[in-house]
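Listed in order, the protein sequences are those of chains A and B.
Using the numbering used here, read the first sequence as starting at 1 and increasing by one per residue.
Using the numbering used here, read the second sequence as starting at 1001 and increasing by one per residue.
Number of protein chains: 2
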Amino acid sequence: MNEFAWLIAPISALVSILLGLYFYFYIKKQDSGTEKMKEISSAITEGAYAFLKREYITLAMFVAVVSVLIFIFLPAPSIWSPDADLLKHAAMSLAYIFGSFCSALAGYLGLSVATKANAKAAQAARNGLNKAFPIGFRGGGVMGFAVVGLGLLGVSIVFALTNDPYVVLGFSFGASALALFAKAGGGIFTKTADISADLVGKVELGIPEDDPRNPAVIADNVGDNVGDVAGMGADLFDSYVASIVAALILGQVLNNLPLSKGVYLHMPLVFAGIGILAAILGALTVRVGKSGDPGNALNMGTYVTCIIFAVLTLSATYLLDYEWRIWGAAIVGLIAGVVIGMTSDYFTSDDKAPVLKTAQASTTGTATTIITGFSYGLHSVFPPLIGIGVASTVAYFLCSPLGTDYALFGIGMAALGMLSIVGLIISNDAYGPIVDNSRGIAEQAGLGEDVIRITDELDSAGNTAKAITKGFAIGAAGLTVIALLASFKSTAEVSGAVVFDLMNPLVLLGAFIGIAMPAVFSAMVMLGVGRNAERMIAEIRRQFREIPGLKEGKEGVKPDYAKCVDIATVGALKELMPPSILTIAVTLIVGFVAGVEALGGYLAGAIFSGLLFALLMANSGGLWDNAKKLIESGVHGGKGSDAHKAAVVGDTVGDPFKDTAGPSLNTMITVMSLVATLFAILIVDNNLLKLLGLS
Amino acid sequence: MNEFAWLIAPISALVSILLGLYFYFYIKKQDSGTEKMKEISSAITEGAYAFLKREYITLAMFVAVVSVLIFIFLPAPSIWSPDADLLKHAAMSLAYIFGSFCSALAGYLGLSVATKANAKAAQAARNGLNKAFPIGFRGGGVMGFAVVGLGLLGVSIVFALTNDPYVVLGFSFGASALALFAKAGGGIFTKTADISADLVGKVELGIPEDDPRNPAVIADNVGDNVGDVAGMGADLFDSYVASIVAALILGQVLNNLPLSKGVYLHMPLVFAGIGILAAILGALTVRVGKSGDPGNALNMGTYVTCIIFAVLTLSATYLLDYEWRIWGAAIVGLIAGVVIGMTSDYFTSDDKAPVLKTAQASTTGTATTIITGFSYGLHSVFPPLIGIGVASTVAYFLCSPLGTDYALFGIGMAALGMLSIVGLIISNDAYGPIVDNSRGIAEQAGLGEDVIRITDELDSAGNTAKAITKGFAIGAAGLTVIALLASFKSTAEVSGAVVFDLMNPLVLLGAFIGIAMPAVFSAMVMLGVGRNAERMIAEIRRQFREIPGLKEGKEGVKPDYAKCVDIATVGALKELMPPSILTIAVTLIVGFVAGVEALGGYLAGAIFSGLLFALLMANSGGLWDNAKKLIESGVHGGKGSDAHKAAVVGDTVGDPFKDTAGPSLNTMITVMSLVATLFAILIVDNNLLKLLGLS
């Protein structure tokens, strides 16, 4: 039975894809509402496709170039080497392309349904909350189950064909590099549109938010989907696949040990497969009664999934002769993920001190709003960082009685355990922007107070889910990159032990460069938003100036929405390239100049500062947002008060924090770790210091 | 000759103290100007003394408690141990008290002269720039030469009496703990006063800045001196002493090696002594001609000092039979310090892109001002972090042909080389707030346009010096804590090798806690400023409400300045305790729970994130400040424009960044490193994991 156990992975992956398709057609057959609603929804859909099409064309060129480089140089040293295995070179290159393709496909599916589901959920809300909720949740579920299904199916196919975790690494790199572009590009797009629309519309002309006269209004709506749905999906696709590949590499090491009984090579696939089954069962239990609370429904689904996962994996551990300690490590990771998610909810929840104090600080001005929110953001990094540290330590020590290699495998399985339920987490998260858009459509299409109240209730559950997912995503990325660091080390140990000793000055030098990178990356994408917004503001002003009757709202006069979407798209693609390429380039430069020890320090440094800034930016951005919403609900003078103006500035500062720079950082450190691991063997023998005889 | 060479240290230290006293009396005999000027100056002096007195009383209690604990527990394990050497316990405790005392004394001297020199420099400016400049520079010199003189004299005395670097560590801890309180306390005081004075005065009542009717105006002036002069002095005192003690500890290791000829134990003292002589000679060359540029004069002094230091230490290396490689390491450190200082000037200079772009962003609103400035702040961390990393790597590899222990000693000497010229650096820095205050006094006392123009010119040179010093201080702290990490490791190696391997989960757990600490510390002090400002705002409002005629500026009606100084003082002392004690407590908890490896990871993590945030906060704060000044000079609409309002918010956000949280972080990581090294031996054998048999 053991030798076929891993087949559970491709099988559940297929089931997951089928469930995603079922949800997709379920959504498709729902009513899209009035003509007005259809019109808004289809404008958003068109814009989103326009962005995605252009983004994918650009990325295809990038993928083509990189796949050639991979074909030439990986596995080490090059195709010109006398004993080069051309088949393996081709496999690496194809795995890379396949990874990019799967990630892109998951993003496309999720986005295409999310932009449809919004109007349908708004329409269903006219018949009550319990009619609208499943549309939002299942719309999100398309993304969730497509991500895990395509991810695990891809990994299974590559692994089945090659039986080599190192080739799966190529698949993972393809997914991650694409995710980096999707996050950074989507993040720049969404904030460009948001800031420009607000600055010209609300500030200069004094017209309301989401006013159809504003040429940027559709770009703004597109941005929500591009950033939140496609971006978050790509991010978690990337962490998910990376956690599986890290565990596969660490498990392969065990396979060479006499006592391992050869079962650990497949264990990550078995647990990942079970995770998908658990998430599917959990998702099917998610339902809200006639007067139920959508927030509770989402949380309940998560708990059910966790329990099913724990029980099924324990059974598998018994049946397949795994050590219970390694099962324990996976469960530790799972618990840590849920706990980290909960703490980030504390810092952005509008009935807890951080948001309350920040809202109060708005009454004494903008500066105090910024300082207070930023300070709580700084506080918020503590619990998750400790959580990641404790989870990896506990996983390690739980497994270390079996031996050091088992202990490292334990960390890998903890990351995998945390990410095993990610299908459900993404579903919950993608639910958020769908119902958020529903609310906007309900308001624009004039569906009345009752419907808006229902969509508000749906939306509020979505915000909590989103906060939890952000914390979860960062925690998962943290554990995953620690596992990747371990697999980088074990890959680099081709010719002797490698130690990342902090008193080795090369490790330290690497660490200093590594800690600077997330800061520089964040600066580049945020300044990119600024430059892009300038271009778009000029276009919005031009349209108001040159299109007669637009400003006055004359019947039949429409702004050129597509032009704005186009500018945001072109600009985002232009601005995402330098930071993304820098990330890959500096990683390779550090490695090829200073060797694997320096690269290990560099990865650790980047992990430390990447997690720090990701948490700081996600949470301070989230709490400024909610402080503003709290004031808008009538506290401290409500809308239009001085406190509100200050809170709006806080929210605007927080936007690129939480939606552009912050969420790209997870992906950035994953990409760095994958690049390092892929090139590890090449770097061991070919680095400048070694060639100069200095190391 | 060799055995007495170290006497150059106490001798130059004494010369330095004498030079400080000479400057002190030189300043004292200068004319303080009109009655009005004397009145303003003496109110500032009184307030500063009031703060210092109360701060020192509080700290004396803290010092008393800690000295008892040190007496009981250090050196390990405790006085109750059968073979405890009571004399050594007493020496540790006394060295600690002595260190606190020297640091406090240096702060007192510097502050007392700075608060006098301001009016005198303003008065001298009536006779021309070349009359006023020496008063500003020599006023700063009192602080500069008192710091290095007292620091090196203290180290020499403790070392001469005990011949044990470990006891000198106690002295260094005393200095650092005091510096942490001085930086955090001074930082909270100064921003409390600044924010409250502005909010009630400028915003609520619309009276000008520095208006004598404002009850907080004196507290605001006091704050500049307490934060910038006393705080920066204590900070560099602490780094200076710590760099010497780290080099002494690393040098002691060499002394046990056969080939070392026993000369390296004293080498740090010899080089530190030469550094002081070089700084004295450099300071004596600082002069500005009749039409000279004060900025050039300050820079020239720095270059002269560097060259003299390099030449004299090279001679000493030849005469005293040191390896030239170790001399090279010291010079590498020196060059790195100067280069790091220069790069931080780029990011805050008002004719370079960061400030220009931030000023331009102010034209599109507050949010873009904050985002742009913050982004450039993120960029600015890159050059200094690379500089610290490269300097320590080069120093290490330069000395590694001699052996690993020499290589670590090389890092220690690089830190010492960087800090050797610190006497001059502090003089240049303390010059800044003196001439800044002169400008204020000249304006308040109505000394006319010509005098104000001269003080402006003096002030502008001071700003550049200040920016360079901040970068230098962070770079110096960075190299010093790396050297301290090495001495922590060598101290902890009492019973076998210690490796800070990043793949050891305890090292990783420590690192995760460590990277969170500077964030939490910053959050606590910044939120402390907010709470303290609330109390002070209530008092200012009360005075305007209850003192008849105050608001109208009736002749003879004066606000109660002292009450405001008192509130800022009491509040600052209250708010500085929790973060400072937390810093020490968490360090001990990590050590006693998880052992020396975890503590090593913790220190490294804290160093990484501490330097990151220190640079980010210092530079973004500085560039917002200068963007505001640039707009006030007439660009983008000048004073009163919307761009100006946005820039003012940026400046206010930057204030607690650059003056409260940022500058405390250097000191925080030094204190952590010293605490860890002091308790290293105790922790090796007494930690929870070891007792539980888990490590």
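Built from N, CA and C at the ideal position, the CB exists for glycine as well.
_Bridge partners for residue 501 of chain A per DSSP, in chain order?_
B:1501
*Would residue 694 of chain A count as contacting chain B if we go by Cβ distances under 9 Å?*
yes
_I'd like the list of long-range same chain contacts for residue 1370 of chain B, defined as Cβ closer than 7 Å, with 5 residues on each side in sequence excluded._
1650, 1653.
_Within a Cβ cutoff of 7 Å, which residues of the same chain sit near residue 1466 of chain B, ignoring the five residues on either side of it in sequence?_
1429, 1432
*Looking only at its own chain, which residues have a Cβ that is under 6 Å from the Cβ of residue 1193 of chain B, when we skip the five neighbours before and after it?*
1216, 1219, 1220, 1223, 1568
*Within its chain, find whatever has a CB closer than 8 Å to the CB of residue 1096 of chain B; leave out the 5 residues flanking it on each side and keep chain order.*
1063, 1066, 1067, 1070, 1170, 1171, 1173, 1174
*Hey, is the region 1381–1395 of chain B in contact with the region 1318–1336 of chain B, meaning 3+ C-beta pairs nearer than 8 Å?*
Counting C-beta pairs with one atom in each stretch, the region 1381–1395 of chain B and the region 1318–1336 of chain B have three or more that are closer than 8 Å, which means they touch.
*Residue range of the unbroken alpha helix (DSSP H) whose run includes residue 1493 of chain B*: Run containing residue 1493 of chain B: none; DSSP gives neither H nor E here.
_Rounded to whole angstroms, what is the Cα-Cα separation between residue 1368 of chain B and residue 582 of chain A?_
Taking C-alpha positions only, residue 1368 of chain B is separated from residue 582 of chain A by approximately 25 Å.
*asked:* Quick check on residue 327 of chain A: does DSSP put it in helix, strand or coil?
replied: helix
*Out of B:1285, B:1108, B:1125, state which residue places its alpha-carbon closest to the alpha-carbon of residue 1033 of chain B.*
Here the closest residue by C-alpha is B:1125.
*asked:* My assumption, with CB atoms under 8 Å, is that residue 1312 of chain B sits in contact with residue 1361 of chain B. Please give the rounded CB distance.
replied: That pair is no contact at about 48 Å.
*To the nearest angstrom, report how far apart residue 1515 of chain B and residue 1602 of chain B are at their CA atoms.*
7 Å
_Contacts that residue 489 of chain A makes with chain B (C-beta to C-beta distance below 8 Å)_ = 1503
*Can you give me the Cβ contacts of residue 606 of chain A inside the same chain, cut-off strictly under 8 Å, excluding the 5 residues immediately before and after it?*
514, 515, 517, 518, 668, 669, 672
_residue 608 of chain A, enclosing alpha helix (DSSP H) - first and last residue_ = Run containing residue 608 of chain A: 561–632, per the alpha helix (DSSP H) assignment.
*Quick one: which chain A residues come within Cβ less than 8 Å of residue 1609 of chain B?*
515, 608, 609, 612
*Neighbouring residues, chain A, relative to residue 1649 of chain B (Cβ below 8 Å)*: 365, 366, 367, 370, 649
*Beta-carbon separation (whole angstroms), residue 1107 of chain B vs residue 1230 of chain B, contact threshold 8 Å*: 4 Å
*From residue 475 of chain A to residue 118 of chain A, what does the alpha carbon distance come to, in whole angstroms?*
29 Å
*For the putative contact between residue 643 of chain A and residue 591 of chain A, defined by C-beta atoms under 8 Å, what is the C-beta separation to the nearest angstrom?*
So it is not a contact: roughly 51 Å between Cβ atoms.
*To the nearest whole angstrom, what separates the beta carbons of residue 1464 of chain B and residue 1439 of chain B, a pair I think is in contact under 8 Å?*
Their Cβ separation, rounded to whole angstroms, is 15 Å, which puts residue 1464 of chain B and residue 1439 of chain B out of contact at 8 Å.
*Are the C-beta atoms of residue 1340 of chain B and some chain A residue less than 9 Å apart?*
no
*Name, please, each residue of chain B whose Cβ falls closer than 7 Å to the Cβ of residue 379 of chain A.*
1520, 1523
*Please list the partners that residue 500 of chain A has in chain B, where partner means a Cβ-to-Cβ separation under 8 Å.*
1501, 1502, 1503
*Assign residue 1377 of chain B to one of two classes, buried (16 or more other C-beta atoms within 10 Å of its C-beta) or exposed (fewer than that).*
buried
*Test item: CB-CB of residue 1181 of chain B and residue 1522 of chain B under 9 Å*: no
*With a cut-off of 9 Å, does the C-beta of residue 82 of chain A fall near any C-beta of chain B?*
Output row for residue 82 of chain A: interface = no.
*Check whether the Cβ atoms of residue 656 of chain A and residue 529 of chain A sit closer than 9 Å, and answer yes or no.*
yes
*Just the C-alpha distance for residue 272 of chain A and residue 416 of chain A, rounded to the nearest angstrom, thanks.*
Going by the C-alpha atoms only, they are around 7 Å apart.
_Among B:1168, B:1661, B:1564, B:1401, the one whose alpha carbon lies nearest that of residue 1074 of chain B_ = B:1168
_Whole angstroms are fine: how far does the CA of residue 358 of chain A sit from the CA of residue 350 of chain A?_
10 Å
*Does the beta carbon of residue 567 of chain A come closer than 9 Å to any beta carbon on chain B?*
Under the 9 Å criterion on CB atoms, residue 567 of chain A is classed as non-interfacial with respect to chain B.
*Count the other CB atoms, across all protein chains shown, that sit within 10 Å of the CB of residue 957 of chain B; report buried if there are 16 or more and exposed otherwise.*
Look at the range of chain B in this structure, 1001 to 1695, and you will see that residue 957 of chain B is not part of it.
*Helix, strand or coil: how does DSSP classify residue 1089 of chain B here?*
helix
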